[in-house]
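In our numbering, the protein residues as written are 1117 to 1566.
Think of the CB as a built atom: it goes at the ideal place given N, C-alpha and C, for glycine as much as any other residue.
Keep in mind the model is a prediction, meaning the values are calculated, not measured.
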């Protein structure tokens, strides 16, 4: 991702109208490829905001302390309510129907409802009906960055991974059985029907409807990192079962309520690992509750930290218990686009990762979105190889056997260090010595410049 072109820019597509969409796409198509010389930075923030004066982003208290954090945009004319019990929820829904409000979604186990309204008067009446019984909040916009977007900053071009990310991590050539018996859920924009996926099985669940599945290419790229075929791009856990839950539209835009629904569906359908290469600046109670629902059921939740290059990890990566992932290039250098903060757990490959997109065309996938599935896949591998392992124990192993980077010990940029699959595989061999700080050993010979 280009620093200065954050996720929240993409979210403006949800409310900016067709004219704005056409302008944005034409501007986007002129950007350079990964590894090209950095282009001159522009004031895109001002340009975009000047075209969207009608949008009034709301900043929750939990975000106000984030330095330079962009505002959390919310879906217009919607509320999300969370009740303490299903009885109060049902009584409220009856009142909403009488008031003419739109019941757009319900998650009974979380006591949550997504309600649409058409006027300020109707909104006030709905809020009054929920008073004393529920928490009311905005339905925050959730977005994923485009995977083919280039990387540029004042530090010069990065060293991309190309097709060598798995080798760089220490994954052996024969990993065809990795992940067997484990279901990994990809909460994203769907997977292209012609994607080169060799996972044990691929199940698709669409929570938003429509005819276009992953024209944005994002979900397909994430799924390929996990379960890609040998003929396309080798996946990390081709033996796993993949569950694709579509919560983002063709422009990579969704909302916190639908993302929460996706997490709940993934858990209830048996997922042991949930991979989320998306995020929002808005702290949503329903999204937090869905994450807690997963963690309480021994499900590993892995999420990208965000691509704005700011201090402030996006949600759901910023929730306790979530494995928050930042991105590095093939030298182990943190991408300047990668958000940072105390919630960061690990860093993983996220620059110039070659992976199939739609129509099985190879794309260069960059960003924390690319980094997250490497960690998700590693968790699935550990769970498959060690059936008695809990999700939390798998996370602890990844942290323990990561390569220290940045400041000594845990730091806001790399978390506990850089993911090292080879160290995890050989951790029980006698005579193994943990590498010194920033020592990636044989990895150096695998680096290549894009």
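Close-in-space but distant-in-sequence residues of the same chain around residue i (CB under 6 Å, 5 per side omitted)
i: residue 1531; result: 1460, 1461, 1462
i: residue 1454; result: 1442, 1443, 1484
i: residue 1180; result: Residue placement at residue 1180 cannot be trusted, given a pLDDT of 33 that sits under 50; what the coordinates show is reported in the next sentence. Cβ neighbours of residue 1180 beyond the five flanking positions: none.
i: residue 1526; result: 1532
i: residue 1270; result: Reliability fails at residue 1270, whose pLDDT of 37 lies under 50, so the model's placement of it is uncertain and the value that follows must be treated cautiously. Answer for residue 1270: no residue qualifies.
i: residue 1140; result: At residue 1140 the pLDDT is 30, less than 50, meaning the model places this residue with poor confidence; the figure from the coordinates comes in the next sentence. Contacts found: none.
Selection from the options that minimises the alpha carbon distance to residue i
i: residue 1349; options: 1227, 1427, 1481, 1360; result: 1481
i: residue 1240; options: 1194, 1259, 1206; result: 1194
i: residue 1283; options: 1338, 1437, 1216, 1351; result: 1351
i: residue 1203; options: 1373, 1343, 1223; result: 1223
i: residue 1221; options: 1206, 1235, 1215, 1214; result: 1206
i: residue 1542; options: 1516, 1242, 1522; result: 1516
i: residue 1507; options: 1411, 1456, 1232; result: 1411
i: residue 1246; options: 1213, 1274, 1273, 1278; result: 1213
i: residue 1490; options: 1404, 1189, 1325, 1537; result: 1537
i: residue 1433; options: 1449, 1398, 1473, 1413; result: 1398
i: residue 1479; options: 1209, 1334, 1501; result: 1334
i: residue 1452; options: 1187, 1290, 1237, 1274; result: 1274
i: residue 1502; options: 1294, 1209, 1250, 1238; result: 1294
i: residue 1513; options: 1539, 1404, 1526, 1286; result: 1539
i: residue 1198; options: 1243, 1281, 1306; result: 1243
i: residue 1249; options: 1525, 1211, 1218, 1188; result: 1211
i: residue 1437; options: 1306, 1312, 1510; result: 1510
i: residue 1235; options: 1448, 1325, 1218; result: 1218
i: residue 1385; options: 1238, 1413, 1289; result: 1413
i: residue 1306; options: 1325, 1290, 1518; result: 1325
i: residue 1450; options: 1522, 1477, 1518, 1405; result: 1522
i: residue 1464; options: 1238, 1232, 1281; result: 1281
i: residue 1518; options: 1545, 1448, 1261, 1500; result: 1448
8 Å CB neighbourhood of residue i in its chain, flanking five on each side removed
i: residue 1409; result: 1225, 1226, 1379, 1380, 1383
i: residue 1528; result: 1427, 1456, 1457, 1458, 1460
i: residue 1208; result: 1197, 1199, 1229, 1245, 1246, 1249, 1250
i: residue 1475; result: 1308, 1310
DSSP bridge partner residues for residue i (one or two, in chain order)
i: residue 1382; result: According to DSSP, residue 1382 bridges with nothing at all.
i: residue 1194; result: 1232
i: residue 1465; result: 1444
i: residue 1221; result: 1230
i: residue 1431; result: 1396
i: residue 1251; result: 1198
i: residue 1344; result: 1313
i: residue 1301; result: 1359, 1390
i: residue 1256; result: 1190
i: residue 1460; result: 1440
i: residue 1320; result: 1360
i: residue 1203; result: In the DSSP output, where bridge partners are listed per residue, residue 1203 has none listed.
i: residue 1471; result: 1479
i: residue 1416; result: 1389
i: residue 1369; result: 1259
i: residue 1534; result: 1463, 1519
Beta-carbon spacing of residue i, residue j below 8 Å
i: residue 1435; j: residue 1415; result: no
i: residue 1446; j: residue 1276; result: yes
i: residue 1363; j: residue 1303; result: yes
i: residue 1376; j: residue 1338; result: no
i: residue 1253; j: residue 1191; result: no
i: residue 1278; j: residue 1466; result: no
i: residue 1357; j: residue 1317; result: yes
i: residue 1374; j: residue 1431; result: no
i: residue 1505; j: residue 1285; result: no
i: residue 1314; j: residue 1472; result: no
i: residue 1332; j: residue 1311; result: no
i: residue 1568; j: residue 1372; result: There is no way to answer for residue 1568, as the model of the chain reaches only from 1117 to 1566.
Contacting residues, own chain, Cβ-Cβ under 7 Å from residue i (five flanking each side not counted)
i: residue 1292; result: 1354, 1355
i: residue 1200; result: 1227
i: residue 1429; result: 1421, 1422, 1440, 1455, 1457, 1459, 1460
i: residue 1492; result: 1300, 1342, 1389, 1391, 1418
i: residue 1387; result: 1299, 1300, 1301, 1359, 1415
i: residue 1161; result: Residue confidence is low: residue 1161 scores 26 on pLDDT, short of 50, so the model does not pin down where it sits. Its coordinate-derived value is still stated next. Around residue 1161: no qualifying Cβ.
i: residue 1232; result: 1193, 1194, 1217, 1218, 1220
Could you tell me whether the region 1484 to 1491 touches the region 1417 to 1436, where touching means 3 or more Cβ pairs closer than 8 Å? Cβ pair count under 8 Å is three or more, so yes.
Contact between the region 1489 to 1497 and the region 1293 to 1301 is defined here as three or more beta-carbon pairs at a separation below 8 Å; is this criterion met? Segments in contact, yes.
Taking contact to mean 3 or more Cβ pairs, one atom from each stretch, closer than 8 Å, check whether the region 1317 to 1325 and the region 1358 to 1373 are in contact. Contact between the region 1317 to 1325 and the region 1358 to 1373 is established, with three or more Cβ pairs separated by less than 8 Å.
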